[in-house]
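Numbering that gives the first Met the number 0 applies: residue 0 is where the sequence shown begins, and numbers increase by one.
To keep things clear, I will list the structure first and then write my remarks on it.
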Amino acid sequence: MIHSYAGLVPRGIRIAVIAGAALVVALIVAIAVAVLAPTGSTTPTPSPSTTPSASATPTPRPTPTPTPSFNKALYSLDDASSLWVVVNKTRPLNPVNYAPAHAALNLPGGGQMRPEAAAALQKMFADYQAQTGDHFTVVSPYRSYNTQVSVYNGWVAKLGKAQADRQSARPGYSEHQTGLAVDVNTAVSQSFGATAPGTWIAANSWQYGFIVRYPDGLEPVTGYEYEPWHLRFIGPELATEMHTTGIKTLEQFFGLPDAPDYLN
Ligand SMILES: [Zn+2]
0 MIHSYAGLVP RGIRIAVIAG AALVVALIVA IAVAVLAPTG STTPTPSPST
50 TPSASATPTP RPTPTPTPSF NKALYSLDDA SSLWVVVNKT RPLNPVNYAP
100 AHAALNLPGG GQMRPEAAAA LQKMFADYQA QTGDHFTVVS PYRSYNTQVS
150 VYNGWVAKLG KAQADRQSAR PGYSEHQTGL AVDVNTAVSQ SFGATAPGTW
200 IAANSWQYGF IVRYPDGLEP VTGYEYEPWH LRFIGPELAT EMHTTGIKTL
250 EQFFGLPDAP DYLN
């Protein structure tokens, strides 16, 4: 009787078979390790190292690009103390007897303005003098409510109410009362706009934060005749934006209604 198959196979062949089988198993394990190990290690390793480095670099770049739009809501247009307050014949100061903090102007003609406007005007006057050897003179800077009462009444007595309203503001409606407006060199002569200093002001005052508030031909918008001498301080950001876009009045820039005349 045969006890077992193994008993029939010679010992040498049995060892060879076992060794061969062991080799096959070892090969399968080796292949399995080789196939599985790289797959498992490639997936997690490159993705954490590529993702942060790839996203860290482009993120700061797109951020500054979409921010050149000008923020028109940065300051109030209604608050009497706002740098951007829009005062015209339909937008009186609130309260009408508003008085700003003001500082003395260390300039020919003197007077007072709000400190930020005074500093900008002093810088502009100094630069103009350095460039041309000529100098500007302050004719009329900050005017209080009470001063405006006498100024306006003086024009009414001289010209009549209708013409006075074309060139002088009623008390409570004057930009001069904000402490941000100033008349330079003259307060009456429109020919100033064609002179060397008038041309310089029209071309350069925006760099100091000023605009010529009552441009030629825009009386239907502003309510005032051309005043090449009347500068309004609005700060360099807004003045630069208006210069760049070519929009000449605050009413047009902010989409406010035209203010050709008083409501009453
Ligand atoms: Zn003025």
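The beta carbon of each residue, even a glycine, is placed where N, CA and C say it ideally should be.
Keep in mind it's a predicted model, so treat the numbers as computed, not measured.
Check                                                                                                    : Outcome
C-beta atoms of alanine 119 and phenylalanine 232 nearer than 8 Å                                        : yes
Distance cut-off 7 Å: serine 190 Cβ against heavy atoms of ligand 1                                      : no
Per-residue DSSP class, three states only, for alanine 180                                               : strand
Collapsed DSSP secondary structure at leucine 262 in the structure displayed                             : coil
Sheet register partners of isoleucine 210 (DSSP bridge)                                                  : Arg231
Asparagine 145 in three-state terms, based on DSSP                                                       : helix
Status (buried if at least 16 other CB within 10 Å, exposed otherwise) for threonine 198                 : exposed
Per-residue DSSP class, three states only, for arginine 90                                               : strand
Contact test: aspartate 77 Cβ vs ligand 1 heavy atom, cutoff 7 Å                                         : no
Extent of the continuous alpha helix (DSSP H) run through valine 220                                     : 218-221
At least three beta-carbon pairs within less than 8 Å, the segment 168-177 to the segment 91-107         : yes
Coarse secondary structure for glycine 163, derived from DSSP in three states                            : With the sequence shown as reference, residue 163 is identified as alanine, and glycine is not the correct amino acid for it. Correct three-state label for alanine 163: helix.
Under 8 Å between C-beta atoms of proline 214 and proline 259                                            : no
Quiz: which residues have CB nearer than 5 Å to ligand 1 non-hydrogen atoms                              : Asp182 and His229
Anticipated Cβ contact below 8 Å, glycine 171 with tyrosine 141, distance rounded                        : With a Cβ gap of about 15 Å, glycine 171 and tyrosine 141 do not count as contacting.
Glutamate 226, DSSP secondary structure in three states                                                  : strand
Touching by the beta-carbon criterion (3+ pairs, under 8 Å), the segment 227-247 and the segment 206-213 : yes
Contact check, tyrosine 261 vs lysine 88, beta carbons under 8 Å                                         : yes
Secondary structure of valine 204, DSSP reduced to three states                                          : This sequence places serine at residue 204; valine is not what is there. Helix, per DSSP.
Three-pair Cβ contact test at 8 Å for the segment 153-166 versus the segment 106-117                     : no
Where the alpha helix (DSSP H) containing alanine 100 begins and where it ends                           : From DSSP, alanine 100 is part of no alpha helix (DSSP H); its letter is neither H nor E.
Identity of the residue in Gln147, Phe135 and Asp78 nearest threonine 185 by Cα                          : Phe135
Residues bridged to glutamine 111 [DSSP beta-bridge criterion]                                           : Ala103
Span of the beta strand (DSSP E) around serine 139                                                       : 137-139
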